[in-house]
Amino acid sequence: MRAAALLPLLLAACAATPSCPTGTAPAAVAELAFGRNGGDGALRVGEADWAAFLAEEATPRFPDGLTAMDAQGQWRGADGRIAREPAKLLLLVLPGASMAEAAARTAPLAEAYRARFGQESVLRNLRPGCAGF
Numbered sequence: 138m139r140a141a142a143l144l145p146l147l148l149a150a151c152a153a154t155p156s157c158p159t160g161t162a163p164a165a166v167a168e169l170a171f172g173r174n175g176g177d178g179a180l181r182v183g184e185a186d187w188a189a190f191l192a193e194e195a196t197p198r199f200p201d202g203l204t205a206m207d208a209q210g211q212w213r214g215a216d217g218r219i220a221r222e223p224a225k226l227l228l229l230v231l232p233g234a235s236m237a238e239a240a241a242r243t244a245p246l247a248e249a250y251r252a253r254f255g256q257e258s259v260l261r262n263l264r265p266g267c268a269g270f
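Mapping of the sequence shown onto our numbering: residues 138 to 270, in sequence order.
This is the structure in structure tokens:
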């Protein structure tokens with residue numbers, strides 16, 4: 138019975154906010170990978186398209202700052218072949234945000250990209266971290 142009572146406390150300890158070094162504070166870190174090709178393998182999202190998406194969708198949602206980088210993505214398709222495409226990687230540091238808050242804030246951005254450019258998916262990698270500015 139005691140073990141059952143302690144289980145929730147142990148699980149909560151595992152999910153606790155990380156202890157951050159001096160000069161940093163807990164933050165959620167979100168990395169989003171936006172593929173730029175269409176289903177036919179041709180480039181669908183050009184530089185002007187990406188710039189407009191950042192200005193109209195990403196910046197209003199994350200006005201405190203973000204970092205955008207060029208990337209190359211690859212994955213194994215259902216047919217077993219490796220598909221490759223250019224991508225954009227967006228790095229967001231969300232001071233004081235929980236993982237649930239980071240998920241809730243980044244999901245609409247990923248959905249906006251999918252809808253706007255007809256993409257199958259957007260990779261979202263969320264993790265706890267420590268950040269100092």
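For every residue, glycine included, the Cβ atom is placed at its ideal position computed from N, Cα and C. Note that the structure is predicted; figures quoted are calculated from it, not measured.
Residues of the same chain with a CB within less than 7 Å of the CB of R261, apart from the 5 flanking positions on each side, are A167, L169, T243, A247 in chain order. The continuous beta strand (DSSP E) containing R213 extends over residues 204-213. Rounded to the nearest whole angstrom, the C-alpha separation of V182 and L229 is 21 Å. For F270, no alpha helix (DSSP H) segment is defined, and its DSSP state is neither H nor E. N174 and A268 have their alpha carbons spaced roughly 33 Å apart.
In the three-state reduction of the DSSP assignment, E168 falls in the strand class, which pools E and B.
Of the candidates R264, P265, Y250, the residue whose Cα lies closest to the Cα of S258 is Y250. Of the other Cβ atoms in all chains shown, 16 or more fall within 10 Å of the Cβ of A164; this residue is therefore buried.
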